[in-house]
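So the protein sequences, as listed, match chains E and F.
Read left to right, the first sequence gives residues 1 to 276 (the numbering used here).
Read left to right, the second sequence gives residues 1001 to 1314 (the numbering used here).
Beta carbons are placed, not taken as given, at the ideal position from N, Cα and C, and that holds for glycine.
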Amino acid sequence: MFAKSLSLSLMASELRVMFTRRRTWAMLAAIALIPILLAIAVALSSEQLAPGEGPPFLDRVTQNGLFTGFTATLLALPLFLPLTIAVVAGDTIAGEASLGTLRYLLIAPVGRLRLLVVKYLGTVVFALAGTFTLMVFGGIIGAILFPVGPVTLLSGDQISLMESFGRMALVALYTTISMTGMLALGLFISTLTTVPVGAMAATVVLAGVSQILDNLPQLSWLHEWLFTHYWLDFADLLRQPIELGSMFSNALLQLGYIAVFGALAYSRFTTKDILS
Amino acid sequence: MDNAIELAIKTSSLTKQFGSQKAVNNIDLSVPKGSVFGFLGPNGSGKTTSIRMILGLAEASQGQIELLGHPIPKELELALPKVGALVEGPAFYPYMSGRNNLIRIDSADRFANSKTRAERVDAALERVGLTNAAKKKVHAYSLGMKQRLGLANALLKPREILILDEPTNGLDPQGTREVRNLIRSLANEGITIFVSSHLLSEIEQLCSHLAVMTAGKIVAQGSIEELRKESQTRLILKSDRIDEVVDLLKQQGLSKLSLKPDRIVAPVPGDFDVASLNQLLVKKKFMISEIRLEQPSLEEYFVNLTGEGFEVVR
Chain E
1 MFAKSLSLSL MASELRVMFT RRRTWAMLAA IALIPILLAI AVALSSEQLA PGEGPPFLDR
61 VTQNGLFTGF TATLLALPLF LPLTIAVVAG DTIAGEASLG TLRYLLIAPV GRLRLLVVKY
121 LGTVVFALAG TFTLMVFGGI IGAILFPVGP VTLLSGDQIS LMESFGRMAL VALYTTISMT
181 GMLALGLFIS TLTTVPVGAM AATVVLAGVS QILDNLPQLS WLHEWLFTHY WLDFADLLRQ
241 PIELGSMFSN ALLQLGYIAV FGALAYSRFT TKDILS
Chain F
1001 MDNAIELAIK TSSLTKQFGS QKAVNNIDLS VPKGSVFGFL GPNGSGKTTS IRMILGLAEA
1061 SQGQIELLGH PIPKELELAL PKVGALVEGP AFYPYMSGRN NLIRIDSADR FANSKTRAER
1121 VDAALERVGL TNAAKKKVHA YSLGMKQRLG LANALLKPRE ILILDEPTNG LDPQGTREVR
1181 NLIRSLANEG ITIFVSSHLL SEIEQLCSHL AVMTAGKIVA QGSIEELRKE SQTRLILKSD
1241 RIDEVVDLLK QQGLSKLSLK PDRIVAPVPG DFDVASLNQL LVKKKFMISE IRLEQPSLEE
1301 YFVNLTGEGF EVVR
């Protein structure tokens, strides 16, 4: 119990360090810009999109502002969200190593496993902040520029305003879960180097490679093992009744990545000589 | 080393190999409890690598380490809470204040009491004279201030030993003096201090014990008195008829005389009787303009062991 409460204080400290950094806020602000720019662009263009034209959901934004968050999430998923996620994940261990603070944390003593777990959970909190930023700012700007009312789902059913907020939260949660595998991958890469930028770049490159492989039909046997495979499948959460199939497969796949790369990060970090 | 003396740090055959190079080569350190132990060696001699192994940051390639009686790395987590350390310069989050940096590191210590945290942090800041700069962000600190903050970090809790790697690096003479005074007052509280430096003058006045390291090996170790004894006393003599004086000295049983243009230098035992020799020389009507015994400084002894040391040894 004693040790547990102290881990909480380390977790709080980790978040304080992360959210004291201007970089963290700059990235969240940039994420918030996605729905804002999207909504403004749609509002300013006089042309009405025919249903189905443009990215998914885009045609619905003008009918119901609450769709802005969903559309923004879709737009951010291939590159922008993974980019910010990679920055945070790549920074975990390599960032502390390059500052030199890693050696002082270790002789505090923080415990290597404990530090690794807290670092990972910190990045999950950032992913949560990022996905909710998309939804919250999407909802706000959508409500300002467009009519807001009961949402017509992809299945054609209508749900109440309150229920649609629930769906927004659910999609943000789904997207966060989608990121957890990549976060574990980034954490592992971060234990390999003392150059945080290198770890960040490697992580984001792997996210790109995974998406490219996912688009090659010749590799269809591989697709369901790629951590990006279910990223865009949150549309299933916008049906009535909710289809949780992809949610479960996604969560299972991400858990697999967490297990594999978490174990690799652990075995690497606990035996590593800290020479920085 | 006498086993009756309790040791704060003990290493046996400690070795660290990077590739084919032995950064630390088979060293046996014995740091008595309560001592102020100077760990001396030129840059690149392996001091910091040794310290990293003692603190469990790096794994030894060979050999054993005991820190405060705990085998390292097996019982690392039992030893570290009793150890305050400054390793290879201070390191902090530049975008956080000095105070918040200390709070961060103290939160990482799973054995630290969070209830007394704020109090302990402020006391440590006060002790190193940083109270007024506590709320400034670290990127606005001078190197000297960072060094002090690093010392404050080592003092967050009552410690049994402080391991300080080059604690006066980057400090002005005033700051160096303050750090020395701080170390002295901590030593007076009974804390063992293990302090590394590449400059003997920085730590000579502080230390009760010294180890000299060069090229990965320890070439001398012991209390200051023991080391002084090992340095050879010399007789210095100036006279008009040097050749004849040399003959006389040889008759007196002195050997290994070295002749400088204006004087004779001869190694002698520490209790050599200069007065009798002088009497003898005067009786033989030599003109003696100078005769004295000289004890080489520890500095000279150190330079003899490590070389002048501007060039990196390897």
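If you draw a straight line from the Cα of ALA263 (chain E) to the Cα of ALA86 (chain E), it is about 19 Å long.
The segment 1130 to 1137 of chain F makes no contact with the segment 1044 to 1061 of chain F; the number of CB pairs closer than 8 Å stays below 3.
Counting only residues of its own chain and dropping the five nearest sequence neighbours on each side, VAL1036 (chain F) has a CB closer than 6 Å to the CB of ALA1187, ILE1193, LEU1206, CYS1207, SER1208. When C-beta distances to chain F are compared with 7 Å, the residues of the segment 83 to 105 of chain E below that value are LEU99, GLY100, THR101, ARG103, TYR104, LEU105, in chain order. If you draw a 10 Å sphere on the C-beta of GLY1190 (chain F), you find fewer than 16 other C-beta atoms in it, and that means exposed. Under the 9 Å criterion on CB atoms, ALA108 (chain E) is classed as interfacial with respect to chain F. Taking a Cβ-Cβ cut-off of 8 Å, the neighbours of GLU1077 (chain F) in chain E comprise PRO109, GLY111, given in sequence order. At least one beta carbon of chain E lies nearer than 9 Å to the beta carbon of ARG1104 (chain F).
In the structure shown, the three-state DSSP call for ILE107 (chain E) is coil. Along the segment 237 to 262 of chain E, none of the residues has a CB nearer than 7 Å to a CB of chain F. At a cut-off of 9 Å between beta-carbon atoms, ILE274 (chain E) makes contact with chain F. Residue environment analysis places GLY111 (chain E) among the buried positions, since at least 16 neighbouring C-beta atoms fall within 10 angstroms of its C-beta. Per the coordinates, the alpha-carbon of GLY65 (chain E) lies some 17 Å from the alpha-carbon of ALA235 (chain E). Taking LEU222 (chain E) as the centre and dropping the five residues before and after it, the same chain places the C-beta of LEU213 closer than 7 Å to its C-beta, in chain order. DSSP places MET1213 (chain F) within a strand segment (E or B) once states are collapsed to three. Secondary structure remark: continuous alpha helix (DSSP H) runs of at least 4 residues inside the segment 220 to 252 of chain E, in chain order: 220 to 223. Secondary structure note for THR1192 (chain F): its beta strand (DSSP E) is the uninterrupted segment 1192 to 1197.
With fewer than 16 other CB atoms across the displayed protein chains lying within 10 angstroms of its CB, GLU1226 (chain F) is exposed. The beta-carbon distance between ILE34 (chain E) and LEU75 (chain E), rounded to whole angstroms, is 6 Å. This is short enough to meet the 8 Å contact definition. The beta carbon of GLY100 (chain E) is closer than 7 Å to those of SER276 in its chain, skipping five residues each way along the sequence.
Contact of VAL17 (chain E) with chain F by beta-carbon distance below 8 Å involves TYR1093, MET1096, ARG1104. In chain order, GLY1089, GLN1147 place their CB closer than 7 Å to the CB of ASN1169 (chain F), counting only its own chain and leaving out the 5 sequence neighbours on each side. Using a CB distance cut-off of 9 Å, LEU28 (chain E) does not count as an interface residue toward chain F. Residue state for ILE85 (chain E) is assigned as helix, using DSSP reduced to three classes.
At a cut-off of 9 Å between beta-carbon atoms, PHE1111 (chain F) makes contact with chain E. Judged by DSSP in its simplified three-state form, LYS1250 (chain F) adopts helix. If the five residues before and after VAL1087 (chain F) are omitted, its C-beta is found closer than 8 Å to the C-beta atoms of THR1048, ILE1051, ARG1052, LEU1055, LEU1057, ILE1163, ASP1165, all from its own chain and listed in chain order. Each residue's CA atom was taken as its position, placing GLU1119 (chain F) and ARG1184 (chain F) some 24 Å apart. Linking ALA172 (chain E) to MET179 (chain E) through their CA atoms gives a straight-line distance of about 11 Å. Against chain F, a Cβ distance below 8 Å from ARG22 (chain E) picks out TYR1095. If you check each beta-carbon in the segment 67 to 82 of chain E against every beta-carbon of chain F, none falls closer than 9 Å.
Straight across, the Cα-Cα distance linking ARG1180 (chain F) with SER1197 (chain F) is about 13 Å. Collapsing the DSSP output to three states places GLU1160 (chain F) in coil. With a beta-carbon spacing of about 5 Å, LYS1238 (chain F) and SER1289 (chain F) fall inside the 8 Å limit used to define contacts. DSSP places ARG60 (chain E) inside the alpha helix (DSSP H), whose first and last residues are 58 to 61. Going by beta carbons, PRO1094 (chain F) and HIS1139 (chain F) fall inside the 9 Å limit.
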